[in-house]
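Top line first, the protein sequences correspond to chains A and B.
In terms of the numbering used here, the first sequence is residues 524 to 916.
In terms of the numbering used here, the second sequence is residues 524 to 916.
Everything below concerns the one structure shown next.
There are 2 protein chains.
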Amino acid sequence: MVLIKNILSVDKRVDILIDGGKFKSIEPAASDSGLASIHADEVIDGSQMAIVPSFYNTHTHAAMTLLRGYAEGHDLFEWLSQYIWPYEAKMTGDDIRFGSEMAAKEMIQTGTTFFNDMYFDIEKTIDVVDRSGMRAAIGITVMDNHSQAVTDQKVEFLKQWKDPTGGRIQLVMAPHAIYTVNTERLKWCSKLARENGLRIHIHVSETKQEVEDCIKAHGMTPVRYLDSIGLLGPDVLAAHCVCVDEGEWDILAKRGVTVSHCPCSNMKLGSGRFPYELAIKSGCNITLGTDGASSNDSLSMIQEMKFAALFAKSTGNATILPSNQVLEWATVNGARAFGYDAGVIEQGKLADAILLDMNDIHMQPCHSLISNLVYAADSASIKHVICNGKIIY
Amino acid sequence: MVLIKNILSVDKRVDILIDGGKFKSIEPAASDSGLASIHADEVIDGSQMAIVPSFYNTHTHAAMTLLRGYAEGHDLFEWLSQYIWPYEAKMTGDDIRFGSEMAAKEMIQTGTTFFNDMYFDIEKTIDVVDRSGMRAAIGITVMDNHSQAVTDQKVEFLKQWKDPTGGRIQLVMAPHAIYTVNTERLKWCSKLARENGLRIHIHVSETKQEVEDCIKAHGMTPVRYLDSIGLLGPDVLAAHCVCVDEGEWDILAKRGVTVSHCPCSNMKLGSGRFPYELAIKSGCNITLGTDGASSNDSLSMIQEMKFAALFAKSTGNATILPSNQVLEWATVNGARAFGYDAGVIEQGKLADAILLDMNDIHMQPCHSLISNLVYAADSASIKHVICNGKIIY
């Protein structure tokens, strides 16, 4: 049991009791509040802090933190083929463990308690997540250039899988993209995922070139192509979706697909501007991801929110994507996509949260807590991070 | 005298002696280096740190930190007329001192040692700068709606002015903008500035509406108009320049005008995208500014560099504005514009610098120090800040 006394939540002060990994009770702060007298294992004086939901980073490659700052000034395909893939070919399991550890540390320090990962040697990353106290969706990455033996090994791993954390980790099928996984294998992935109750994580329409190549190969755009082979559904997380037209947004919305928007990575690799107007209009479940530190080069979701909120306004509309909406993209929308009843500070919800230091200079003055969080905060504003009811930072 | 031993500078380790406000000597780090044996007043072990130039924030309104998070979701004119100006009308001198103090604190913590300010009650801000140890250019703001008495007072202040810091503060004439200062008064400002050896600081072409209104009123665009009245020169800092055409960039470059690019503010107020391609091609001296915390809402130049570097790439060119170039915008270009021989870590230059904590998670690994600084660092990466040879943080 953790008791947080007299903490700011949006615009009022509350006492909060956390038990069994959930917000058991939230009451207006008062010396005679029922909660204030409870004997908790840990009591936190929240009088100089605010509580906000912690972040759900819905698209990253944690171990790629090893490549932070490694190769700037290249577009996606040049960057992947000439720099990233050759570097990755030399990485060992120990490297992947080390990269994932750095990522977990940075994510926690910047208020993230869940990440959706796509990488290799996943046992290493699973072990890091287990020890970190975070949640994660760990992708079983599938690419055409993997040998049959590697693929068989992955299927075997999946069949024997038991979550060592008792609920904080879920496996996900992760066919990399339509340009690295052929139609037959995409169908196989989707079948395997659905037979085993796994979600699907895939890069979709990240660049114009991907769209043009898809039209050449399949006579239609990527979202239409994926829909035509039955891959799209409410269990799918499509990362990027930069080059998606209005009709495709309607398909994504109709199928219940969740989209992970990664503004920093899209800008850095010259992939273009996410069509905020179409995406919002479609009613699609939109979430935020940092992508790997290799193309960002930060894993801070606070920063990612600001980039999304400002990039959305960059064509001249100052009213689009207000701070409370982009906070939903970064929190509750991501939680919902992965089946967690979390992402808001409410009684009964999973206790994933950030305690902000209201004495931090970035948080002063406080005309609006959420505006300050989105537009002014940085890692120095974060005092504690709670995941699944445990204080992990 | 400050001696920094064995610190990383770009890609080599050096010993640095700071004396008389300058980098007196920089030598390769070695136990037998001539510097290592000097008895300095302060000796810093730089083995876990890197040194980079500190930031020159060339456009801000420090006291507006009081309005951080105050009014989001409005374009510039609505924001100014319906929210900012009415709020400011109620601000007292004490408010301005308090806002400036918060700003100075945030700027120092995020590695800025100089800011170019435009606001009111400037004695308050001057006092804050004096005590902070920073440098600043303090604008004498001129607007048509000021009474003659207020204007007379400003002229009187200028005539009696003596820098209390012995060289860290300079006064600047700051006609607010072409839509708030008429032609006659602009000419008067420019004459007064040049008679007294002051630089000029003015908002230019921040929005399309400003350009359209200028064409209606004067039959030409803002840069052409300012040039026609003789205002432009190497002593002028033009803030924003979002809506500037190719011919105007040539005029700015030819006149030696310095431009302050403020990406966050321009995006947040829906002012549009800075024409990076034209600006860079023109050869103009480009610098970076955060604008006020009221339209950013941060004063972090680290963040501003990342926004500029990524926003430049947002239309699909991954090679434009690399990290070393945007660092020049944030440092040496700003220093040069205001007459300081600073902004690079070199023998003989003014000792304005940041000591980065290389153990901070955002700085690891370090394939490229500058790439990490621009794309990954935040305030937690900053260990010490040096201005004019003094450790001010």
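Even for Gly, the Cβ is constructed at its ideal location relative to N, Cα and C.
Note that this is a predicted model, so its numbers are computed, not measured.
Check                                                                                                                          : Outcome
Buried or exposed by the 16-neighbour rule on C-beta atoms within 10 Å, applied to residue 705 (chain B)                       : exposed
Inter-stretch contact at 8 Å, needing at least 3 Cβ pairs: the stretch 862-876 of chain B / the stretch 546-554 of chain B     : yes
Contact set between residue 884 (chain A) and chain B, taken where Cβ atoms lie within less than 8 Å                           : 625, 628, 629 and 632
Separation of residue 819 (chain B) from residue 666 (chain B), as counted between CA atoms                                    : 23 Å
Residue(s) in a DSSP beta bridge with residue 910 (chain B)                                                                    : B:913
Secondary structure of residue 562 (chain A), DSSP reduced to three states                                                     : coil
Touching by the beta-carbon criterion (3+ pairs, under 8 Å), the stretch 611-622 of chain B and the stretch 799-809 of chain B : no
Where residue 630 (chain B) sits in the DSSP three-state scheme                                                                : helix
Any alpha helix (DSSP H) of 4 or more consecutive residues that is wholly inside the stretch 687-772 of chain A                : 706-718, 731-741 and 745-751
Cβ pair count under 8 Å reaching 3, the stretch 724-732 of chain B against the stretch 676-693 of chain B                      : no
Within-8 Å CB hit, residue 598 (chain B) to chain A                                                                            : yes
Residue 551 (chain A) - DSSP class collapsed to helix/strand/coil                                                              : strand
Within chain A, the residues that residue 742 (chain B) reaches when beta carbons sit closer than 7 Å                          : The contacting residues do not exist; residue 742 (chain B) stays about 25 Å from chain A at best.
The stretch 560-576 of chain B / the stretch 595-607 of chain B touching (three or more Cβ pairs under 8 Å)                    : no
Helix, strand or coil at residue 673 (chain B) [DSSP, three-state]                                                             : helix
Reference residue 790 (chain A), options B:736, B:834, B:719 and B:745, closest by Cα                                          : B:834
Residues near residue 674 (chain B) in its chain [Cβ-Cβ closer than 8 Å; skip 5 each side]                                     : 665
Cutoff 8 Å: residue 615 (chain B) Cβ touching any chain A Cβ                                                                   : no
Nearest residue (CA-CA) to residue 890 (chain B), options A:538, A:589 and A:736                                               : A:589
Residues that residue 888 (chain B) contacts on chain A, provided the C-beta gap is smaller than 7 Å                           : 589 and 591
Close Cβ partners of residue 853 (chain A) (< 6 Å) along its chain, the five nearest in sequence each way excluded             : 578, 811, 824 and 828
Beta-carbon separation (whole angstroms), residue 792 (chain B) vs residue 540 (chain B), contact threshold 8 Å                : Not quite, the Cβ-Cβ distance comes to about 45 Å (not below 8 Å), so this is no contact.
Backbone CA spacing between residue 738 (chain B) and residue 779 (chain B) [nearest angstrom]                                 : 24 Å
Paired residues, beta bridge with residue 774 (chain B) - DSSP                                                                 : Its beta-bridge partners do not exist; DSSP assigns none.
Check whether residue 697 (chain B) and residue 641 (chain B) have beta carbons under 8 Å apart                                : yes
Three or more C-beta pairs below 8 Å linking the stretch 892-903 of chain B and the stretch 842-852 of chain B                 : yes
Chain-ordered chain B contacts of residue 531 (chain A) [CB-CB under 7 Å]                                                      : Within 7 Å Cβ-Cβ: nothing; residue 531 (chain A) doesn't reach chain B, min ~14 Å.
C-beta atoms of residue 900 (chain B) and residue 885 (chain B) nearer than 8 Å                                                : yes
Buried versus exposed call for residue 751 (chain B) [16 or more other C-beta atoms within 10 Å across all chains shown]       : exposed
Collapsed DSSP secondary structure at residue 881 (chain B) in the structure displayed                                         : coil
Expected contact under 8 Å - CB spacing of residue 785 (chain B) and residue 582 (chain B) to nearest Å                        : 6 Å
Contact with chain A by residue 787 (chain B), beta-carbon distance below 8 Å                                                  : yes
Between the CA atoms of residue 905 (chain B) and residue 574 (chain B) - distance to the nearest angstrom                     : 10 Å
For residue 902 (chain A), three-class secondary structure by DSSP                                                             : helix
Minimum Cβ-Cβ distance from residue 790 (chain A) to chain B less than 8 Å                                                     : yes
Simplified DSSP state of residue 666 (chain B), which is helix, strand or coil                                                 : coil
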